[in-house]
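Read through the structure below, which is laid out as structure tokens, and then see the notes.
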Amino acid sequence: LYDVVGHPGGGGEDTTKKIDIKDPVVVALTTSSQATLIKNIYDGVNRPYGDPWDIIAGITPVSVPADHYFWCQVRGPAVVLQEGGLFAGRGVMLSQRKSGAVEVLKQVIPVRPAGSGRELRGGTSPQEAPTFTQKAVKIRHLTDRLLDPVDPEVLTVFSGQATIPERVLGYCINPRVGTEHALIYLTLS
């Protein structure tokens, strides 16, 4: 991995491009050598809108106008907008309902329904195969909070592709009432 420190400009896809790197190349390159350039994740960031595939660059402590430089926090205690109920010590993820907020981390378990689905395998005829669907966790282990049978953290409805777990931003230190600002510990870097 080499840091790019400059380039003369120009070029596009499938063209020759000269770049200046910070450290010298350790292994000699040949005419058949290939390289991949990766864009800095902090270039052109935007406010996420609940897309589970968004790359989370960090959290800003204040509102940031478009096209302005800003400070982005990636680790440690941070104040964030809370959506729904959070729980001290539990993981948090990007909210899928409110832009710029966090919600309790959801973990979904894929469950195979009995005798469902069809699968094609490498040019053979269709064979019966299990299809994975999702079922939210509806019961807790007997060792967890025996005196608290109703736990608002337990999922009851979830749909879509199986995801275990969603993108973890960190964990909650001090939860507040929904739509207020909570204190979380970021673990993005």
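When we follow full-length UniProt numbering, the leftmost residue of the sequence shown carries the number 1, and every step to the right adds one.
All C-beta atoms, glycine included, are put in the ideal place defined by N, C-alpha and C.
As the structure is a prediction and not an experimental result, all values here were calculated from the model.
- Inter-residue distance for Val-64 and Cys-72 is about 10 Å (C-alpha atoms, whole angstroms).
- Our two residues, Asp-23 and Tyr-42, have alpha carbons roughly 22 Å apart in a direct line.
- In this structure, the CA atom of Arg-176 is about 21 Å from the CA atom of Arg-167.
- Contact between Leu-188 and Leu-169 holds: their C-beta atoms lie close to 7 Å from each other, under 8 Å.
- Under the three-state reduction of DSSP, Ile-21 is assigned to strand.
- Between Gly-9 and Asp-20, the beta carbon gap of about 12 Å keeps them out of contact (Cβ cut-off 8 Å).
- Cys-72 sits in coil when the DSSP states are folded into three classes, being neither helix nor strand.
- By the 16-neighbour rule on beta-carbons within 10 angstroms, Ile-59 is buried.
- The Cβ-Cβ distance between Val-92 and Val-74 does not fall below 9 Å.
- For the options Asp-3, Phe-87 and Glu-83, the alpha carbon positioned closest to that of Leu-37 is the one of Asp-3.
- Distance from the CA of Lys-17 to the CA of Ser-32, rounded to the nearest whole angstrom, comes to 15 Å.
- Spatial neighbours of Gly-84 in its own chain (CB-CB distance under 6 Å, excluding positions within 5 residues in sequence) are listed in chain order as Glu-103 and Gly-178.
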